[in-house]
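Notes follow the structure.
Residue numbers (this note's numbering), protein chains in the order written: chain A, 1 to 100; chain B, 1 to 880.
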């Protein structure tokens, strides 16, 4: 989700990512913002995202995260995998319709 | 891949904590501010905006903590914390730390030292490449192989890349300098190829150079080249005389290639066709390099098969002959070196165990004084595993520090070993020049430290983490006594320590007493007034017995006419030597002849008539040899008392007849004309062996020792004695010219070393055990101070308190002795083969050692017990 967010919006700071995830999920996912940062750190350590300090819209210093090439690749891979998974799941759930 | 990258980043994170911390704080701050601004925009009050933002974040500190865990490696960080904290705790308790460190340093240090010795003696006594692929082929008991058998093995053996043979002998070198006796080896042409070494200068032997007529070439050892030829490269190509024959020097062998140990020069082993066909006499040492894909066991089964085939083909000679393949390393080690080294390894292992038990005990003591600290930590949320880990980390840290100090101690021990060993012995002892602290020893030390840290720490850690946090807090570490289980454990530790110390000290005392008794027995021969020297008459110059006899006559006359000399004599072997005596079979007239294996045997000595007086060997019956016992007169012999008693029990040996050799040998019957007292010639045989003396004039040997007795210092005669021999034969070197007491010292020095080492180990164990007893007693008394105070206040007498306080210690020592004494007796029996000069059941040792140990234990217990009687009841009660 973090990767997708970054892909959609470009470089973004931690708070922004958290808000975005909340908005997209329609507040169904109440992210504990505190758990976001370790996740960001993990992605950074694994090299999928990189970070640098910048200034926000209202002139506040913030750490901006952006997708790396490896991150994009990983995102594509995971999207494909996800599609596969949902497809398979859909087939499992579909038979009821077929027989009807 | 990604994981690894993350791991590296996390490792790096460990070291950039401060910067990371600042950035994290800034990031959190900006996050909060943005959130608050949003909240404000959404119409919240400033307080509410702040509150909501914090709730969403889940708390700044909590978020930070989550982040931190991901940033570094928590396991490593806590380890680092533990080490840090442990180091601080150790610094805070210098008394505890020093005692534990010293104990561990001694325990680990002796292990490292003995490991290094064992490695040098048993693992890499030779510096040959791929040493573990080299094997020796023997006919059992490290016996050599007959020439014809060797050639059969060489042509048929499939398990070996190559097989070579050699023979060692002393050789006389003349030319360029004074005549000199050196260690020589005659080797087949492929010998160096088998060993995998090449000369550092010149060339090795070529095929065909080990044939008679082509063999007048020699390869020098680096040592000899340096000593005798001043490391002159031009010496190669020149000739040198060896045993009277000229040899051309063709090469110099690197020092690391010295095999067999010791060797000064190698000449080709040129066997005549007749010698090559000899199957009767086992005369060649055989060394072989195993093929890479062949195991020792496979080679052994091949050689066993060959042995059977040869036994079928040549039943006369090979019927009972079997071949044995053994690692070369095992082949070269001294006969008792392995046994003693293993004994020492076992002893230092025991010392380490005792040291660990002691440190464990110290930690028990400390753990109970840390009870409130542990309770607080537990109350603050430290898990039990975490507490155990903390304590173990401390224990291992202690052991590693101890190991570092132990390395220094080991270095010192090795220095002592090497520097005090006579060079003559070092030269003969395969592996002695390889003693050093190498990387294997360092690794071993660290492993030992780790193990001892865990051994000494695990029980105290578990025991002290077991307690209930609230109880620990409530009592505040005051007043309560240690739990029953812990106390029992500690008592068991101390009991084991005392019992083990008893075993070790008894063993050490037996070894030392035996050694002292043995070397003390040499006093009977007053060796400090005898000079010995060896001569080796080469067959080329002295082919006939008469010529040899003539030499000995002249030499003895010349030596006894030295101004300071009282007498001079020739003999084969001096008392308490260890280079093996000249033993052989003999037949007794009137007894049924047995086959060779069951024939009687004895040490054979060839002596000149003056020998018994010179060496102070008492004549118990009959007469000594005289100058009339010579070639052409009746062949005679003296026998030792032991031999006489064994073969003519109850009767007199005088006038009886014996013949040297097996039942099939023919030789003159010798008439026994006298009986001498027993002499222990080879101390490794533990007790004097039956001995037959023959007069030099009736059987002049090719090699002999000569002795001169003087009233003064025999060392002063060395030079004169050498020049007298040189005057008779300018090409004949006198070797091993030294006072007899020095020679005896050198032959027994290894045993003395072992005894001393065991003694030191015994003392260490004893000291450690006494400290252990003292520690436990002092602690128990300290714990029961209040109780004693109350008892004294209630009117208890001094002696009651003394009894109460020392009862525990007495019980411990009683149990320890009940276990230790039988164990000591059993282990002394087990080691009987290694104890020389004393019986393994020596009553003085078995009475004395326990008494001394008991006194030490009693004293260690008495000091704290006495303190208990001096408890001031008022102070004790007020303290409560």
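Even glycine gets a Cβ: it sits at the ideal position worked out from N, Cα and C. Predicted model, so just to flag it, every value in this text is computed and none were measured.
Check distances from the C-beta atoms of the region 55 to 85 of chain B to those of chain A and list, in chain order, the residues that come in under 8 Å.
56, 57, 58, 59, 62, 63, 66, 67, 69, 70, 71
Below 8 Å on the Cβ atoms is my guess for residue 701/B versus residue 606/B; work out the distance and round it to an integer in Å.
5 Å
Quick check on the DSSP output: the beta strand (DSSP E) that includes residue 583/B runs from which residue to which?
583 to 588
Determine the burial state of residue 727/B: buried for a count of at least 16 other Cβ atoms within 10 Å of its Cβ, exposed for fewer.
exposed
In angstroms with no decimal places, state the Cα-to-Cα distance between residue 10/B and residue 35/A.
18 Å
Whether or not the region 686 to 696 of chain B and the region 120 to 136 of chain B are in contact is what I'm after, with contact meaning three or more pairs of Cβ atoms, one per stretch, closer than 8 Å; do they touch?
no
Could you tell me whether the region 188 to 200 of chain B touches the region 286 to 302 of chain B, using the rule of 3 or more Cβ pairs below 8 Å?
The region 188 to 200 of chain B is in contact with the region 286 to 302 of chain B.
Tell me whether residue 521/B sits in a helix, a strand or coil according to DSSP, three-state version.
helix
Residue 98/A at chain B interface by Cβ criterion, 8 Å
Any reading at residue 98/A needs caution, since the residue's pLDDT is 48, under 50, leaving its predicted position unreliable; the model's value is listed next. No, because no Cβ of chain B sits closer than 8 Å to the Cβ of residue 98/A.
Determine, using beta carbons only, whether residue 33/A comes closer than 8 Å to chain B.
Under the Cβ distance rule, residue 33/A counts among the residues neighbouring chain B, one pair being separated by less than 8 Å.
Rounded C-alpha distance that separates residue 662/B from residue 813/B:
Their Cα atoms are separated by approximately 58 Å.
Taking the beta carbon of residue 769/B as the centre, do at least 16 other beta carbons fall within 10 Å, making it buried, or is it exposed?
buried
Against chain A, does residue 34/B count as a neighbour if the rule is that its beta carbon must be under 8 Å from one of theirs?
Yes, because at least one Cβ of chain A sits closer than 8 Å to the Cβ of residue 34/B.
Using a C-beta to C-beta distance shorter than 8 Å, which residues of chain B count as neighbours of residue 46/A?
2, 3, 5, 6
Nearest chain A C-beta to residue 18/B closer than 8 Å, yes or no?
no
Is it buried or exposed, residue 652/B, if we count other Cβ atoms within 10 angstroms and call 16 or more buried?
Counting Cβ neighbours within 10 Å, residue 652/B comes out exposed, since fewer than 16 surround it.
Could you confirm whether any beta carbon from chain A is found closer than 8 Å to the beta carbon of residue 51/B?
no
Entirely enclosed beta strand (DSSP E) segments - the region 107 to 178 of chain B, minimum 3 residues:
134 to 138, 160 to 174
Which residues bound the alpha helix (DSSP H) around residue 82/A?
69 to 93
Give the residues of chain B in contact with residue 61/A, contact being defined as C-beta atoms less than 8 Å apart.
26, 30
Would residue 121/B pass as an interface residue toward chain A - the criterion being a Cβ-Cβ separation below 8 Å?
no
May I have the straight-line CA-CA distance separating residue 564/B from residue 711/B, to the nearest angstrom?
7 Å
Residue 735/B by DSSP, collapsed to three states: which one?
In this structure, residue 735/B counts as strand in the three-state DSSP scheme.
Burial state of residue 53/A, where buried means 16 or more other Cβ atoms lie within 10 Å:
Exposed, because fewer than 16 other Cβ atoms sit within 10 Å of the Cβ of residue 53/A.
With residue 671/B as the anchor, note down where its beta strand (DSSP E) starts and where it stops.
670 to 676
Does any residue of chain A have a CB that is nearer than 8 Å to the CB of residue 9/B?
yes
Give me the Cα-Cα distance between residue 25/A and residue 16/A, rounded to the nearest whole angstrom.
14 Å
Using a Cβ-Cβ cutoff of less than 6 Å, which residues in the same chain neighbour residue 569/B once the five nearest sequence positions on both sides are dropped?
608, 610, 611, 614, 707
Span of the beta strand (DSSP E) around residue 704/B:
703 to 710
From 7/B, 17/B, 42/B, residue whose alpha carbon lies closest to that of residue 42/A:
7/B
Please go through the same chain and pick out, in chain order, the residues whose beta-carbon is closer than 6 Å to the beta-carbon of residue 509/B, but skip the five residues on each side of it.
Once the five neighbours on either side are set aside, the close Cβ partners of residue 509/B are 845, 849.
First and last residue of the alpha helix (DSSP H) that includes residue 538/B?
First-last for residue 538/B: undefined, no H or E at that position.
Cβ-based neighbour list, residue 111/B, same chain, cut-off 6 Å, excluding 5 preceding and 5 following
348, 352, 448
Terminal residues of the alpha helix (DSSP H) in which residue 266/B lies:
Careful: residue 266/B lies outside any alpha helix (DSSP H), inside the beta strand (DSSP E) at 265 to 268.
DSSP three-state assignment for residue 327/B, whether helix, strand or coil:
strand
Looking only at C-alpha atoms, which of 574/B, 628/B, 686/B sits nearest to residue 514/B?
686/B
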